[in-house]
Amino acid sequence: MYRLFRVAQFTFRELIRSRMLYIWVISCVVFCALAFLLSILSFGEVHKIFMDLGLVGMEFSGLLVLILSLAVTYNTEFDQKAIYLQLCKPLTRGEYLLGRVLGFFLIISLVIISMGLVIGGLVVFIGGGKVGLLFVDSTIFLLLEMLVLTTLGLAFQMIGTSMVGVVLYSMFTIFLGHCIGQVEWLLSQKLSNTVKMILRVVHFFLPNLEAFNLKDRIYDPDLVLGWVQWREAFLYAFAYSFVVFLIGWINLEKRQFE
Amino acid sequence: MRPLLAMDRSLKWPAVLLAVFFLAQAWLSSRLDHWVHPEPFESSQSGTLDPRIVSSLRAVAFLTGYKVLIGHVFWIRVIQYYGDAENGADHYSKLYDYCRLASDLNPQFISVYSYGAAALAYQLNREDEAFKLLQKGVQANPQDASLKLMYAALTYHGHSDYKKEIPFLETQIAQGNAPTMMVNILANTYMKVGRNEDAIRLWRHILATTDSDVTKDEAAKKLKELYAITKVKKVDEATKP
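Protein sequences appear in the order of chains A and B. In terms of the numbering used here, the first sequence opens at residue 519 and continues consecutively. In terms of the numbering used here, the second sequence opens at residue 34 and continues consecutively.
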């Protein structure tokens, strides 16, 4: 356990030194300015628009940090062979991978939560509005989504053979993960059984990112968010992350470092 | 002692775990789908969206999971469309369809219904479309009172029943927290029935209290128009034999 936290701490420090927090500053400025601009261009409900855009900004900055961190660490760990130093220590490959996941998730959470605080603070103290409980719920769902994507990205890093490949795999999976709703819609159409079977397989292999997309339903009067939904969303995030983690781990075990 | 995360070289137990957790996540994903899309997905996709409006933004909204964000962006495009005088040549024929799309992407955004319906009914005289838009708004937001009030006001307006419309609006506004749009409608109705003094009073109130620059501009224009009318009337009365 101690070794695991040391790897997580090392990864966190490494990413801080790679100036990942600049993304937080840039995202904060860009998205707050954009949200402000859109809210004054639009008629009415300024706080609503500002918070909606803020949530999008939080997701964007989290994804940006994830993609850039994957690119940076692939370069240092695999291209510059820094992973040799880590693996020659008394550390299993599973601990190494889990530590990386925790380190990545820590920095992404830091970016998302601090951006959420900035947006909430601006709405409450500058705009004189209120931050609803669903804003907090959406942020937690966003963190669950990031946990899944972080594990997925690092699994791709263990499988991939180039930095470009890892970044592209991750970006396509993020995009396709949001298309789950469309896959479901296709499944309800009149299609041949073969096509439906392929779609069903695709549906179960892709991460269901729409399940964490609470920001699009934040004002939905039919939204039910009780204990059952929380439990299932948490369990799904952990089950999917564990599957992806195992795939990454098996690949790392099989990988030859010579 | 064997480390916690040491992999068995035969990779047998991770394979079993992988299979178990894969099935678990597939089952949970199906359960969550019912929560994410409680109604059949078809009805929210092809049933309510108007196929006459081809919009790349619509596709982007459904494919990327940013419906609310793109709904806001699209709403600004609707405002730009209505603000562009060139589109007035065909009497803003796409306004209703655009409002429908904006409300499909973001059904809980009240301004789409209130501003859209007001523009359609009071400025373009397309009451049928305004009613349809408001009906949709009330269905999507059953707890919102302002849309229901506006619907009632439009009903009176549609029958040119100003005697009922004016006291109805006055009562609602007197209760407080009335949307600016409703005050705006009352001011326009005063103008229609020739109660210019009341209209001037209300437009002055709007000019003094609104935060929106667009509404301020409109109020200033209306006041200019009303002052011109009252000036002409006064001159007419003074020159009467």
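Note that the Cβ used here is the ideal one computed from N, Cα and C, for glycine as well.
- Beta-carbon to beta-carbon, A:Ala-673 and A:Gly-766 are separated by about 3 Å, close enough to satisfy the 8 Å threshold.
- CA-to-CA, the gap between B:Phe-55 and A:Val-666 works out to about 14 Å.
- Contact between the stretch 701-713 of chain A and the stretch 611-626 of chain A is not established, with fewer than three Cβ pairs separated by less than 8 Å.
- In this structure, the CA atom of A:Gly-572 is about 10 Å from the CA atom of A:Leu-640.
- In the DSSP annotation of this structure, the continuous segment of the alpha helix (DSSP H) that includes B:Leu-259 starts and ends at 246-272.
- Taking a beta-carbon distance threshold of 9 Å, B:Lys-100 counts as an interface residue toward chain A.
- A direct Cα-to-Cα measurement between A:Leu-555 and B:Ile-103 gives close to 15 Å.
- Residues of the stretch 737-766 of chain A with a C-beta less than 8 Å from any C-beta of chain B: Tyr-737, Asp-738, Pro-739, Asp-740, Val-742, Gln-747, Glu-750, Ala-751, Leu-753, Tyr-754, Ala-757, Tyr-758, Phe-760, Val-761, Leu-764, Ile-765, listed in chain order.
- Remark: three or more beta-carbon pairs, one from each stretch, lie closer than 8 Å, so the stretch 652-666 of chain A and the stretch 720-739 of chain A are flagged as touching.
- Scanning B:Gly-191, B:Ala-220, B:Phe-201, B:Ser-144 for the CA closest to the CA of A:Val-564 turns up B:Ser-144.
- Using beta-carbon distances, A:Leu-660 does not count as an interface residue toward chain B, since no partner is under 9 Å.
- For B:Thr-242, the number of other beta carbons within 10 angstroms of its own is below 16, and it is reported as exposed.
- B:Tyr-125 sits in coil when the DSSP states are folded into three classes, being neither helix nor strand.
- For B:Tyr-155, the closest alpha carbon among the candidates B:Leu-90, B:Tyr-189, B:Ser-62, B:Asn-229 is that of B:Tyr-189.
- Under the DSSP assignment, B:His-105 falls in the alpha helix (DSSP H) whose first and last residues are 100-116.
- Along the stretch 104-131 of chain B, the positions whose C-beta sits under 8 Å from a C-beta of chain A are His-105, Val-106, Trp-108, Ile-109, Ile-112, read in chain order.
- Of the residues A:Phe-643, A:Val-574, A:Glu-750, the one whose Cα lies closest to the Cα of A:Ala-729 is A:Glu-750.
- Here A:Asn-726 carries a coil assignment [DSSP, helix/strand/coil].
- Under a criterion of Cβ atoms nearer than 7 Å, no residue of chain A is adjacent to B:Thr-188; the nearest Cβ is some 23 Å distant.
- When the five nearest sequence neighbours on each side are left out, the beta carbons in the same chain lying within less than 8 Å of the beta carbon of B:Ala-253 are those of Leu-240, in order along the chain.
- Around the beta carbon of A:Met-664, 16 or more other beta carbons lie within 10 angstroms, which makes this residue buried.
- Here B:Asn-139 is buried, its C-beta having at least 16 other C-beta atoms within 10 Å.
- In the structure shown, the three-state DSSP call for A:Phe-554 is helix.
- A Cβ-Cβ distance of about 6 Å is found for the pair B:Pro-47 and A:Ile-768, placing them in contact under the 8 Å criterion.
- Under the Cβ criterion of 9 Å, A:Asp-570 is counted among the residues facing chain B.
- DSSP, reduced to helix, strand and coil, places A:Leu-665 within a helical segment of the structure shown.
- Under the 9 Å criterion on CB atoms, B:Phe-54 is classed as interfacial with respect to chain A.
- Chain-order list of chain A residues neighbouring B:Pro-47: Leu-764, Trp-767, Ile-768, by C-beta distance under 8 Å.
- Residues Thr-669 of the same chain have their beta carbon placed closer than 6 Å to that of A:Phe-763, with the five preceding and five following residues left out of the count.
- The alpha-carbon separation between A:Gly-638 and A:Leu-586 amounts to approximately 26 Å.
- DSSP places B:Pro-47 within a helical segment (H, G or I) once states are collapsed to three.
- In the structure shown, A:Val-649 adopts coil according to DSSP, grouped into three states.
- In this structure, DSSP gives B:Gln-176 a state outside helix and strand, which the three-state scheme calls coil.
- Your pair A:Ile-698 and A:Asn-726 checks out as a contact, with CB atoms roughly 5 Å apart and the cut at 8 Å.
- With a threshold of 16 other beta carbon atoms within 10 Å, A:Ile-558 falls short and is exposed.
- Going by C-alpha positions, B:Asn-229 is about 14 Å away from B:Ile-199.
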